[in-house]
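J.: Those protein sequences? They're chains A and B, same order as listed.
Residue numbers for the first sequence follow my numbering, so the first one is 28 and each next one is one higher.
Residue numbers for the second sequence follow my numbering, so the first one is 52 and each next one is one higher.
Backbone N, C-alpha and C fix where the C-beta goes; we use that ideal spot for every residue, glycine too.
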Amino acid sequence: MDSSNSGTALYRVMVRIRAFENAAEAASQGGVSAYGQQAAGAAKVRGPLHLSTGQEAVPAGVCAHLRASDYLTSTHRGHGHTLAKGADLARMMCELFGKASGFNGGKGGSMHIADFSVGMLGANGVVAAGLPIAVGAAHAQKLLKAAPGRSQAALPPPGGGHGLPGPGGSGANNDITVCFFGDGAINRGPFLEALNWARVYDLPVLFVCEDNRWSATTASGPMTAGEGASARAASMDIAATQVDGNDVFAVHETAARLVAEVRSGGGPRLLHALTYRVKGHVSVDLAAYRDPAELAAALETDPIARARGHLLAAGVGAATLDAIENAARDEVDTALAIADAAPWPEPGAAFTDVQTVGAGQWY
Amino acid sequence: MMMKDLSYSEAAVLALQHEMQADARVVVLGEDVGRGGIFGQYKGLQQAFGAERVIDAPISEAAIMGAGVGMALAGLRPVVEMRVVDFALCGMDELVNQAAKNRFMFGGQGRVPLVARMPGGIWDASAAQHSQSLEAWFAHLPGVVVVSPSTPQDNYSLLRAALQCGDPVVYIEHKTLWGLRGEVNEDLAVPLGKARRVREGHALTLVSWSKQMQACAEACDALAAEGIAVDLIDLRTLWPWDRETVLASCARTRRLLVVHEAVQVAGFGAEIAASAAEATGCRVARLGAPRIPVGYAPVLEAQSRVGPEAIAAAARKLLG
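1) Listing by chain order, which chain B residues have their CB less than 9 Å from the CB of ILE365(A)?
2) Have a look at ALA225(A), GLN82(A), MET120(A) and HIS139(A) and flag the residue whose alpha-carbon is nearest the alpha-carbon of PRO109(B).
3) Since TRP371(A) is in the beta strand (DSSP E), which residue starts that stretch and which ends it?
4) So what's PRO164(B) in DSSP terms, helix, strand or just coil?
5) Can you confirm whether ARG154(B), when its beta carbon is compared against all beta carbons of chain A, has any partner nearer than 9 Å?
6) Quick check: SER60(B) and PHE90(B), are their CB atoms within less than 9 Å of each other?
7) Report the partner residues of PRO359(B) according to the DSSP bridge assignment.
8) Taking the continuous beta strand (DSSP E) assigned at ALA313(B), which residues delimit it?
9) Rank SER128(A), GLY81(A) and MET263(A) by C-alpha distance to the C-alpha of ASP238(A) and give the top, closest one.
10) Residues in the region 214–225 of chain A with C-beta within 8 Å of chain B's C-beta atoms, listed in sequence order?
11) Hey, is CYS216(B)'s beta-carbon within less than 9 Å of any beta-carbon in chain A?
12) Determine, for SER144(A), whether the minimum Cβ-Cβ distance to residues of chain B falls below 9 Å.
13) I think ALA240(B) touches ALA213(B), with their Cβ atoms under 8 Å apart; what is that distance to the nearest whole Å?
14) Applying a beta-carbon distance threshold of less than 7 Å, which residues of chain B neighbour ALA161(A)?
15) How about GLY133(A) and ALA376(A): do their beta carbons lie closer than 9 Å?
16) Run through the DSSP bridge pairs and tell me what PHE234(A) is partnered with.
17) Just the Cα atoms here: how many angstroms apart are ALA325(B) and ASP380(A)?
18) Find out if the Cβ-Cβ distance for the pair ILE115(B), GLY88(B) is shorter than 9 Å.
19) Measuring only the C-alpha atoms, how far is GLY196(A) from SER247(A)?
20) Please report the Cβ distance between VAL205(A) and ASP97(A), rounded to the nearest whole angstrom; I am assuming they are in contact, meaning their Cβ atoms lie under 8 Å.
21) Could you check the C-alpha separation between TRP292(B) and ALA260(A) for me, to the nearest Å?
22) Using the beta-carbon of each residue, which ones in chain A are nearer than 7 Å to PRO291(B)?
23) Where does MET71(B) fall in DSSP's three states?
24) Between GLY149(A) and chain B, is the shortest Cβ-Cβ distance under 9 Å, so that the two count as touching?
25) Name the chain B residues that come within less than 7 Å of GLY135(A), Cβ to Cβ?
26) Quick check: SER261(B) and GLU352(B), are their CB atoms within less than 9 Å of each other?
27) Considering only the alpha carbon of each residue, which of THR383(A), PRO374(A), PHE378(A) and PRO370(A) lies closest to LYS126(A)?
28) Based on the DSSP output, what are the partners of ASN236(B) in its beta bridges?
29) List the whole-angstrom C-beta distance separating VAL281(B) from MET264(B), where the pair is believed to meet the contact cut-off of C-beta under 8 Å.
Dropping the structure here:
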């Protein structure tokens, strides 16, 4: 498939993610961070910005097999997942800028980027928090699939009537949930609780561990007993597959099999993708705590460069790939301009969408 | 009018029966729910609605609460069973950072219509980890509704209202009210956020909720014998709380006593007292437990109990 249209499609997804994050990183300069760097001037992207540079092959390869009615939960490092699931790039940039036209109306920012209309249920500021939510969404998918015996009138509209595409929205009724999490998450209880839950109820969920080797500013390896995500999944009778997470074609091929198994009712699966976090924990973290040799070695396996080389070798013209890169940069430039010009939320919006009963007042 | 004599737990079962029949989106998940729940508050529901809708769960509070959030986002209306409020602390990220924040954080894209049942209060001889009253924690949390019914009728009506309201609801039944019997009108709707005036009086306003209503009623009897007529208000919902009813009463009586089973320090009584003082200039007092964990031995446990005598004494002091 590497020379086919889908090969360039995967390349396009990765390149768009890289271009988006490069621009977001530039727009975050001048901000203030808990990690020590401070500078004068106001950053346009404020607060913690967690970049997935170098990890683009994982969402690209996995999400290629998903449709809008499949659900996705994400991590604090969720730009790539959101773009790969089909979210509008300009509205994402608006959200990072905190503008009213962002997906969350400026209430969430980078760390809570989400587009429910394509089933992307949100990036999450708490490590491992997406896992139990994912199994709940998958549990709902299973229950609603089994619901024909119930009164159709009483069944929820797609997405429960609140903007989601909803289980079975495509009519195929075999939608699944994909849950991205990092290697740091496997040391939190909700990881274990969610995997157990998924297996006990045989839910249509694919767990994807993006193993980027770093937990904030601490290397994950010395903090993790045993052999990691795959071994822990195996201990709960969940079939796990390791893959080179910097090889988008390998991720794509492995995910194709796992998604098909989950979609056909085979129960949960885990994909353990070995990749690397090129940047620091947040954009202003220069990762000075890291051995430069480790980073240099990792950059040798950059997923975009590898995919480009692979596609060229397979006969795709350099001009085609250049055009894809230029288009991504143009798209991001347009998004930056849109986000820059977009209005801020009304201050009163801070009082909306809190809750319905006893809603957002001083008392 | 359909009147039934029911216990507090039977009233909850009846409420769930009605809601589950009316709405296929309503599901129950939690430990022991298939056997009816540890207090009988789910009795017969799995037999009636099947194991797919009344879901027995592993001892896994974070997953139960978190799965409830995911189910709600995907279109269901889960009832999330925590056994006791003390154990709900194991699912606190899932409630505080996920359920309560989802709708706002994602700009209204998501809704989390779940009801988290977490029985609270002193459970006889159950010591420090099974007897806590933590309602003030949740009232402090933007994004949730907090309900604490004191009678079978309210447990029936408020549980139905909680399931229909579409917000995340922290639903705190009292661990020792399950056997309390009373008349339940199946047709009676009780809105969230509306208090109930239990007795009318002019001498002072007494506000409480949940199990503590019983001690307050006893104190009112003692005070009535002395010619002191108390305006007794059962708050029923802590968020939103019925400011209108409470403040109108305070404006009339000019004296407010708030009583709760929870520790007095930073309790919800402080919120009501401060609000009443700010709005009406009335004299205020609050009465709760000392800031100690609940002990096991009867004499130690008694130190945490706010009884009718202490309530009556606090009322007399406020009047003096």
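T.: Inspection of the coordinates gives the following:
1) Numbered from 1 along the first sequence, position 338 holds the residue referred to as residue 365(A). The contacting residues do not exist; ILE365(A) stays about 17 Å from chain B at best.
2) Walking along the second sequence from the start, residue 109(B) turns up at place 58. Cα-wise, what sits closest to PRO109(B) is ALA225(A).
3) Along the first sequence, one-based indexing puts residue 371(A) at 344. Per DSSP, TRP371(A) belongs to no beta strand (DSSP E) and is neither H nor E.
4) As a first step, residue 164(B) is located in the second sequence; it is residue number 113 there, counting from the start. Coil, per DSSP.
5) For the purposes of this step, residue 154(B) is taken as the residue at position 103 of the second sequence. Yes - at least one Cβ of chain A is within 9 Å of the one on ARG154(B).
6) In the second sequence, residue 60(B) corresponds to position 9, counting from 1. In the second sequence, residue 90(B) corresponds to position 39, counting from 1. Their beta carbons are under 9 Å apart, which means SER60(B) touches PHE90(B) by this criterion.
7) Translated into positions along the second sequence, residue 359(B) becomes position 308. According to DSSP, which records beta bridges pairwise, PRO359(B) is partnered with nothing at all.
8) Within the second sequence, residue 313(B) is the residue found at index 262, counting from 1. Residues 306–314.
9) Position 211 of the first sequence, counting from 1, holds the residue named residue 238(A). Minimum Cα distance to ASP238(A) is reached at GLY81(A).
10) GLY216, PRO217, GLU220, ALA221, ASN223 and TRP224
11) Reading the second sequence from its first residue, position 165 is the one you call residue 216(B). Yes - at least one Cβ of chain A is within 9 Å of the one on CYS216(B).
12) Reading the first sequence from its first residue, position 117 is the one you call residue 144(A). Yes - at least one Cβ of chain B is within 9 Å of the one on SER144(A).
13) Counting from one through the second sequence, the residue named residue 240(B) turns up at place 189. Counting from one through the second sequence, the residue named residue 213(B) turns up at place 162. Rounded, the Cβ-Cβ distance is 12 Å, inconsistent with contact.
14) The residue you call residue 161(A) lines up with position 134 of the first sequence. Going along chain B in sequence order, the residues near ALA161(A) (Cβ under 7 Å) are GLY121.
15) Sequence index remark: in the first sequence, residue 133(A) carries index 106 (1-based). Sequence index remark: in the first sequence, residue 376(A) carries index 349 (1-based). Cβ distance < 9 Å, so GLY133(A) and ALA376(A) count as in contact.
16) If you number the first sequence from 1, residue 234(A) lands on position 207. According to DSSP, PHE234(A) bridges with CYS206(A) and LEU297(A).
17) Here residue 325(B) is taken as the residue at index 274 of the second sequence, counted from 1. Here residue 380(A) is taken as the residue at index 353 of the first sequence, counted from 1. Cα to Cα, ALA325(B) sits roughly 27 Å from ASP380(A).
18) Residue 115(B) sits at position 64 when you count from the first residue of the second sequence. Residue 88(B) sits at position 37 when you count from the first residue of the second sequence. In this structure, GLY88(B) does not lie closer than 9 Å to ILE115(B) by Cβ.
19) Taking the first residue of the first sequence as 1, we reach residue 196(A) at position 169. Taking the first residue of the first sequence as 1, we reach residue 247(A) at position 220. For GLY196(A), the predicted structure reports a pLDDT of 42, less than 50, and the residue's modelled location is therefore unreliable. A value from the coordinates is still provided. Going by the C-alpha atoms only, they are around 39 Å apart.
20) Within the first sequence, numbered from 1, the residue matching residue 205(A) stands at position 178. Within the first sequence, numbered from 1, the residue matching residue 97(A) stands at position 70. Yes, they are in contact, since the Cβ atoms of VAL205(A) and ASP97(A) sit about 7 Å apart, within 8 Å.
21) For this step, residue 292(B) is matched to residue 241 along the second sequence. For this step, residue 260(A) is matched to residue 233 along the first sequence. If you take the alpha carbons of TRP292(B) and ALA260(A), they lie about 46 Å apart.
22) By 1-based counting over the second sequence, the position of residue 291(B) is 240. Those are VAL384 and GLY385, listed as they occur along chain A.
23) As a position in the second sequence, residue 71(B) is number 20, starting the count at 1. Reduced to three states, the DSSP call for MET71(B) is helix.
24) Working through the first sequence from its first residue, we reach residue 149(A) at position 122. Chain B, which has a Cβ nearer than 9 Å to the Cβ of GLY149(A), makes this yes.
25) Residue mapping note: residue 135(A) aligns to position 108 of the first sequence, counting from 1. Those are MET156, PHE157 and GLY158, listed as they occur along chain B.
26) Residue numbering aside, residue 261(B) sits at position 210 when the second sequence is read from its first letter. Residue numbering aside, residue 352(B) sits at position 301 when the second sequence is read from its first letter. Cβ atoms of SER261(B) and GLU352(B): not closer than 9 Å.
27) Within the first sequence, residue 126(A) is the residue found at index 99, counting from 1. Out of THR383(A), PRO374(A), PHE378(A) and PRO370(A), PRO370(A) has the C-alpha closest to the C-alpha of LYS126(A).
28) Reading the second sequence from its first residue, position 185 is the one you call residue 236(B). Looking at the DSSP assignment, ASN236(B) forms a beta bridge with MET54(B).
29) For this step, residue 281(B) is matched to residue 230 along the second sequence. For this step, residue 264(B) is matched to residue 213 along the second sequence. Their Cβ separation, rounded to whole angstroms, is 12 Å, which puts VAL281(B) and MET264(B) out of contact at 8 Å.
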